[in-house]
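Asks:
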Amino acid sequence: MTKYISPREAQMFAGMMIGHKLVTKQTGAAGKVCNSVYICERQFVRREYYFAVLMDRKSQGPVMVASSQGGVDIESVATENPEAILQLPIDINKGAGRAAAKDLAKRIGFTPKCVDQAIDTMIKLYELFMEKDATMVEINPMAASADHEVMCMNAKINFNDNPEFRQHEVCSFRDVTQEDPREVAAAKYNLNYIGLDGSIGCLVNGAGLAMSTMDIIKLHGGEPSNFLDVGGGATAEQVTEAFKTISSDPRVTTIFTSTLGGIMPCRVIAQGIIAAASTLELQIPCVVRLQGTEVDEVKELIAESGLRIITSDDLDDEASKVCQTVQDGQHGTRGQDLRQL
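Residue numbering for the sequence shown is 483 to 823, as defined by this note's numbering.
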C-alpha cells in the first residue's frame, strides 16, 4: 500500500532541510546551504536506463549517449563495461531522426510498448539541448514503469553561458549562492577564475601560460589555489580585483604572478599589482615573474614602490622557491622576502 504524506508533513520535512547545509560530491566537504526543496511523487519503476545528449569533440557535434545500465554511476559503467554504453552522433543540419532514435531505444532494452514513448522523449531532450544552448542534458535514470510509461526520473543540465543574451529565461534560474563566491566575484570583472584547494595563488595572463604555471608549481611539490587568467586586454583595475579575489582565500600563503607582456604591456600588470598590494596591505609573499614589453621599466617601477614584491626572470627557479617556502612551513612569517631562500 502506498503511503502519501500530507501538505503539513511535506512542509515540516522541507523545513528540516531549508537553511541547513547539504553535503554532496558536488558541494565538497564544506557543503552548501539548501535554499529550496523540490517535491515530487515517488515512482516505482520496472527498469532504469541512462540517456544523455552531450557535445562530442570527436564527431564535432552533439551525440546521444545511452545505456541499459541506468541509475548508477555512468563513469563506473564506462570503466567496467564500456560496451554497455552506446553512442549516436547527430547531424545538426538534419536533427535527431526517429529511425535512429528507435534503433537506440531498442538496443538499450526498451520494450515494444515503451519504444515510441522513449523515441519521443529522446528527440524532445535533443531539441531542448539545441534550443537552450546546453552543453549536456543527462537523464539518469530514464525509467520504464510497470504500466509501460517512460519517465525522466532525474536530470542534470549544463548550459553554455556565452549565449546569455538570448537565453534570459535559463539564466534567470542561476543561483549564485550555490557557486564558489570567489568565482562569482571574479566573473563581475570578466576574470577567468576557477578555485582549487591549494595554498599558492596564481595570477597569469593567458590560459596556456596559466596551465603551465600550475604545472610547474605541481612539479615542484606545490598546490595551486586557483586558475586565474586575466586575459590579454586586462586593465589595472582588473588586476587589482584579481588580487582581491586570490587573497580572499584564507588558505593562500603566497601569490605567484607570471606575466608575458605582449598585447598587454607588463606595465598594466605592475600597476595593478602595486595598487592591490597597497590597497589590500598584503601580508603574504608576492612573487612576480615578468617578461616582454616594458619589462625593465616595470621592474624599476616595482622597486621604487617600496612594497615587498619580489621580481624574477626565471619561472622554474621562482616556482621552486615558492613551493619550498610552503613545504618548509616558512609561510607562517608573513611578508617574508623569498630572495633569502
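Just so it is clear, CB atoms sit at the ideal spot from N, CA and C, and this is done for glycine as well.
Return the chain-ordered ranges of every beta strand (DSSP E) run that is complete within the region 539 to 565 and spans a minimum of 3 residues.
Replies: Correct list: 543 to 549.
Asks: Check each candidate in V515, T659 and V666 and name the one with the smallest Cα separation from H502.
Replies: The candidate whose alpha carbon is nearest that of H502 is V515.
Asks: I need the straight-line Cα distance from G688 to V750, nearest angstrom please.
Replies: Using only the alpha carbons, I get a separation of about 14 angstroms.
Asks: Does K638 come out as helix, strand or coil in the three-state DSSP assignment?
Replies: Strand, per DSSP.
Asks: Taking just the CA atoms, how far does A759 sit from L710?
Replies: In a straight line, the C-alpha of L710 is about 18 angstroms away from that of A759.
Asks: For L570, report the span of its beta strand (DSSP E) as first-last.
Replies: From DSSP, the beta strand (DSSP E) with L570 extends over I567 to P571.
Asks: Quick check on the burial criterion: 16 or more other C-beta atoms within 10 angstroms. Buried or exposed for T852?
Replies: Lying before the first or after the last residue shown, residue 852 is absent from the chain, which here runs from 483 to 823.
Asks: Could you pull the start and end residues of the beta strand (DSSP E) that T741 belongs to?
Replies: Residues T736 to G743.
Asks: For the 8 angstroms Cβ check, are there 3 or more pairs between the region 727 to 747 and the region 769 to 785?
Replies: Counting Cβ pairs under 8 angstroms, three or more are found: they touch.
Asks: Decide yes or no for the touch test of the region 542 to 552 against the region 524 to 532: beta carbon pairs closer than 8 angstroms, at least 3 of them.
Replies: Touching, yes.
Asks: Taking 7 angstroms as the threshold (C-beta atoms), are I676 and I699 in contact?
Replies: Cβ atoms of I699 and I676: not closer than 7 angstroms.
Asks: Do V666 and V658 have their beta-carbon atoms positioned less than 7 angstroms apart in this structure?
Replies: Against a cut-off of 7 angstroms, the Cβ pair of V666 and V658 comes out as a contact.
Asks: Enumerate in chain order the residues of its own chain whose CB-to-CB distance from K614 is below 6 angstroms, with the five nearest sequence positions on each side excluded.
Replies: So the qualifying residues of the chain are V652.
Asks: Spatial neighbours of P732 within its chain, please: C-beta separation below 6 angstroms, excluding the five flanking residues on both sides.
Replies: Contacts found: none.
Asks: Look at the Cβ atom of T736, then the Cβ atom of P767, and state whether they are nearer than 7 angstroms.
Replies: Result yes, Cβ atoms of T736 and P767 sit closer than 7 angstroms.
Asks: Per DSSP, K514 forms a beta bridge with which residues?
Replies: L504.
Asks: Can you grab the Cα-Cα spacing for the pair M633 / G690, in whole Å?
Replies: In a straight line, the C-alpha of M633 is about 43 angstroms away from that of G690.
Asks: When DSSP builds the beta bridges, which residues end up paired with L710?
Replies: Note: L710 sits in a beta bridge opposite Y675.
Asks: Just how far apart, CA to CA, sit H650 and N622?
Replies: Near 27 angstroms, if we compare the C-alpha coordinates of N622 and H650.
Asks: Can you tell me whether N672 is buried or exposed? The criterion is at least 16 other CB atoms within 10 Å of its CB, across all chains shown.
Replies: Exposed, because fewer than 16 other Cβ atoms sit within 10 Å of the Cβ of N672.
Asks: Taking the CB atoms as reference points, tell me whether V804 and F738 lie closer together than 7 angstroms.
Replies: Their beta carbons are under 7 angstroms apart, which means V804 touches F738 by this criterion.
Asks: Hey, which unbroken runs of the alpha helix (DSSP H) at 4 residues or more fall wholly within the region 592 to 661?
Replies: Segments of the alpha helix (DSSP H) lying fully in the region 592 to 661: 594 to 613 and 650 to 654.
Asks: Taking only the alpha-carbon atoms, compute the straight-line gap between S488 and M494 and give it to the nearest angstrom.
Replies: So the two alpha carbons sit approximately 10 angstroms from each other.
Asks: Return the CA-CA distance between E763 and A511, expressed in angstroms with no decimal places.
Replies: Going from the Cα of E763 to the Cα of A511 covers about 31 angstroms.
Asks: Residues in the same chain with beta-carbon distance under 7 angstroms from A584, minus the five sequence neighbours each way, listed in chain order, please.
Replies: Residue identity differs from the one stated: residue 584 is Lys in this sequence, not Ala. V597 and I601, listed in sequence order.
Asks: Please classify L685: does DSSP put it in a helix, a strand, or coil?
Replies: Strand at L685.
Asks: Helix or strand or just coil, what does DSSP make of G817?
Replies: For G817, the predicted structure reports a pLDDT of 43, less than 50, and the residue's modelled location is therefore unreliable. The matter cannot be settled from this model.
Asks: Less than 7 angstroms between the C-beta atoms of A692 and T722, yes or no?
Replies: Contact: no.
Asks: So, T570 versus A582, is the Cβ gap smaller than 7 angstroms?
Replies: Correcting the residue type first, residue 570 is Leu in the shown sequence and not Thr. In this structure, A582 lies closer than 7 angstroms to L570 by Cβ.
Asks: Report the CB separation of Q664 from S558 in whole angstroms; it is logged as a contact under 8 angstroms.
Replies: With the sequence shown as reference, residue 664 is identified as Arg, and Gln is not the correct amino acid for it. Not confirmed; about 31 angstroms, so no contact.
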